[in-house]
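Numbering (the numbering used here), first residue to last: 1 to 411. Worksheet: one structure, shown below.
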Amino acid sequence: MVSFEILCIECGTSHDPSRPAYACSSCGNLLEARIDEAEAAADLAEGGHSERPLSVWKYREAIPIEDATQAVTIAEGGTPMVRCRRLEEELEVHNLWIKFEGANPTGSFKDRGMTVGVTKAIELGMSVVTCASTGNTSASLAAYAAAANLDCAVLIPEGKVAMGKLAQAMMHGADVLSIKGNFDQALEMVMTAAEELGMYVLNSVNPFRIEGQKTAAYEICDQLNGVSPERLYIPVGNGGNSAAYWKGFREYDSMDLTSGCPLIRGIQAEGAAPIASMFSEDRSELIPVEDPETVATAIRIGNPANWKKTVAAIKESGGSASTVTDEEILEAQKFMARLEGIFPEPAGAAALAGFMKDLDEELVDRSSVVVCVSTGHGLKDPDTAIAQCAKPRVIEPTMEALSRMLGGAGE
Ligand SMILES: *Cc1c(COP(=O)(O)O)cnc(C)c1O
Ligand SMILES: [Zn+2]
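This is the structure we're talking about:
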């Protein structure tokens, strides 16, 4: 296994990696895994990683897990990078890609974090895993807990979880607890439960989840044949994933497996934008949004747990965060579905919405190599999709009725 430390991002205190920890014991800030990059680079080369098919575990030598042959895996990662020819034409840009994370086994990027996080839970001898979730985290954790034969309890905000996600958590056999409150309150409860009931928390404050999610950045570089994109657009909820991508690009660059790092544009929904407002108001402290509201339920987060990590990452990349409206998100969702054949859930269209807005405001060069991360699958949230589309037309079962309908459609 690669040498690594668990360090506080603020005061640098090192923590014992053989015990579960989500916050610094001396200052309470977030923790991160720091791997020995030189060692990882040498081991990746020696292991022949460039010959392996794309997947999270292609990069096993850069993932701080004791024994990757024991990984709890259901074939996550290795998701499509789609060159968006029709969108390029429509938007008059030259080099646009969508990294479709909805193609992961449970339909969101959360699987990259869970394969590593649940493997770590086993390594640490934990028997119960838990999370608070707007939906996808619980769907993913429930699946990996099932594969690992661990007990799983998930806390979701009552009435605010898309139907597909709820179905997944229930089907995989998790104990699903519906909280009469919002996500932020559910997360607080989970953190207390971790301490008092000895459960292993797999929210994105868990540094090992980030270690899995960073592999999406490695993959993008591999899929672009060893170069980084110039810009990455990514939705920001709790901010774990955007921080993970930045970590991935930085590590891959310093291991000499790609050249350069992209500028990161973090995209939030207007009604849930505590991080974007830090940028627009030039503030260095987070002011939580009391009642976050957006159609993109996966990023309906008012008090993002990883704000410090992601703000630092976005700034270091030379980028910034901004907002899109729900209308812009839904328009981008339809665009992706109708021009590229990719069906994202609303949060999975926010990055493209942000790129389209930047184009409108002339904030981006039309020839830049741009990757928009589409974080989750549209089938997660069929209600929102159906509400936007015309109902199927009902006809008699005759050829006459059919030809009248189809003939009429072209007029
Ligand atoms: C979890 C999630 C996000 C937000 O990611 P963070 O790491 O919380 O910023 C965005 N989109 C989808 C589909 C998600 O499931
Ligand atoms: Zn600290």
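Just so you know, even glycine gets a beta-carbon here, dropped at the ideal spot from N, CA and C.
Residue 137 versus residue 131: straight-line alpha-carbon distance, rounded: Taking the sequence shown and counting its residues from 1, one reaches residue 137 at position 137. Taking the sequence shown and counting its residues from 1, one reaches residue 131 at position 131. For residue 137 and residue 131, the distance between alpha carbons rounds to 7 Å.
Would you list the residues whose beta-carbon is nearer than 6 Å to any heavy atom of ligand 2, in the order they occur in the chain? 8, 10, 11, 13, 24, 26, 27 and 29
Please tell me whether, using a cut-off of 8 Å, the distance from the CB of residue 142 to the nearest non-hydrogen atom of ligand 1 is below it. Taking the sequence shown and counting its residues from 1, one reaches residue 142 at position 142. Checking every heavy atom of ligand 1 against the Cβ of residue 142, none is found closer than 8 Å.
Would you kindly report the start and end of the unbroken alpha helix (DSSP H) that includes residue 52? As a first step, residue 52 must be located in the sequence shown, where it is residue number 52. That residue, residue 52, is in no alpha helix (DSSP H); it is neither H nor E in DSSP.
Could you give the distance in angstroms between the alpha-carbon of residue 171 and the alpha-carbon of residue 305? For this step, residue 171 is matched to residue 171 along the sequence shown. For this step, residue 305 is matched to residue 305 along the sequence shown. Distance between the alpha carbons of residue 171 and residue 305: 28 Å.
From this set, 372, 274 and 249, which residue's C-alpha is nearest residue 348's C-alpha? Locating residue 348 in the sequence shown gives position 348, counting from the first residue. Checking every option, the nearest Cα to that of residue 348 belongs to 372.
Assuming residue 359 contacts residue 87 under a Cβ cut-off of 8 Å, what Cβ separation, rounded to an integer in Å, is found between them? Mapped onto the sequence shown, residue 359 falls at position 359. Mapped onto the sequence shown, residue 87 falls at position 87. Not quite, the Cβ-Cβ distance comes to about 11 Å (not below 8 Å), so this is no contact.
I need the straight-line Cα distance from residue 413 to residue 331, nearest angstrom please. In the structure as shown, the chain begins at 1 and stops at 411. Residue 413 is therefore absent and cannot be evaluated.
C-alpha gap between residue 36 and residue 357, whole angstroms: Position 36 of the sequence shown holds residue 36. Position 357 of the sequence shown holds residue 357. Roughly 39 Å separates the two Cα atoms.
Return the bridge partner residues of residue 74 from the DSSP annotation. Here residue 74 refers to the residue found at position 74 when the sequence shown is read from its first residue. Per DSSP, none; premise fails for residue 74.
So, does the region 108–117 touch the region 137–146, judging by three or more C-beta pairs under 8 Å? yes
Between the beta-carbon of residue 107 and the beta-carbon of residue 376, is there less than 9 Å? Residue numbering aside, residue 107 sits at position 107 when the sequence shown is read from its first letter. Residue numbering aside, residue 376 sits at position 376 when the sequence shown is read from its first letter. The answer is yes: Cβ separation under 9 Å.
Residue 239 and residue 275: beta carbons closer than 9 Å? Here residue 239 is taken as the residue at index 239 of the sequence shown, counted from 1. Here residue 275 is taken as the residue at index 275 of the sequence shown, counted from 1. Yes, the Cβ-Cβ distance between residue 239 and residue 275 is below 9 Å.
When you compare each of 21, 9, 344 and 219 to residue 201 by their alpha carbons, which one comes out closest? If you number the sequence shown from 1, residue 201 lands on position 201. It is 21 whose Cα lies nearest to the Cα of residue 201.
At least three beta-carbon pairs within less than 8 Å, the region 375–393 to the region 290–299: yes
Flag residue 135 as yes when its Cβ comes closer than 8 Å to any non-hydrogen atom of ligand 1, and as no otherwise. Here residue 135 is taken as the residue at index 135 of the sequence shown, counted from 1. Yes, the Cβ of residue 135 comes within 8 Å of a heavy atom of ligand 1.
In this structure, does DSSP put residue 132 in helix, strand or coil? As a working mapping, residue 132 is identified with position 132 in the sequence shown. Residue 132 falls in the strand class under three-state DSSP.
Status (buried if at least 16 other CB within 10 Å, exposed otherwise) for residue 4: Your numbering for residue 4 matches position 4 in the sequence shown. Burial is judged here by how many other beta carbons sit within 10 angstroms of a residue's own beta carbon; residue 4 has at least 16 and is buried.
When 220, 199 and 398 are compared against residue 262, the one with the closest alpha-carbon: Residue mapping note: residue 262 aligns to position 262 of the sequence shown, counting from 1. Among 220, 199 and 398, the Cα nearest to that of residue 262 belongs to 220.
Got a sec? Which residues, its chain only, sit under 7 Å from residue 92 by beta carbon, not counting five neighbours each side? In the sequence shown, residue 92 corresponds to position 92, counting from 1. Excluding sequence neighbours, residue 92 sits near 366.
Between the CA atoms of residue 99 and residue 227 - distance to the nearest angstrom: On the sequence shown, position 227 is the one that residue 227 refers to. On the sequence shown, position 99 is the one that residue 99 refers to. Straight-line spacing of the CA atoms in residue 227 and residue 99 works out to 15 Å.
Which residues mark the beginning and the end of the alpha helix (DSSP H) in which residue 311 is found? As a position in the sequence shown, residue 311 is number 311, starting the count at 1. Its alpha helix (DSSP H) spans residues 307–316.
Can you give, in chain order, each stretch of the alpha helix (DSSP H) that sits fully within the region 311–357 and has at least 4 residues? Here the runs fully enclosed are 326–335.
Confirm the yes/no value for this check: CB of residue 298, any heavy atom of ligand 1, distance under 8 Å. Counting from 1 along the sequence shown, the entry for residue 298 is found at position 298. Yes, ligand 1 has a heavy atom inside 8 Å of this Cβ.
Would you call residue 399 buried or exposed, if buried means 16 or more other Cβ atoms sit within 10 Å of its Cβ? What you label residue 399 is simply residue 399 of the sequence shown in a count that begins at 1. Residue 399 is exposed by the Cβ-count criterion.
Taking 8 Å as the threshold, find out whether the region 117–132 comes into contact with the region 197–214 through three or more Cβ pairs. yes
Beta-carbon contacts of residue 194 that lie in its chain and below 8 Å, excluding the five residues immediately before and after: The sequence position of residue 194 within the sequence shown is 194, counting from 1. If we look at residue 194 and ignore the five residues flanking it on each side, its Cβ neighbours are 20, 22, 130, 200 and 201.
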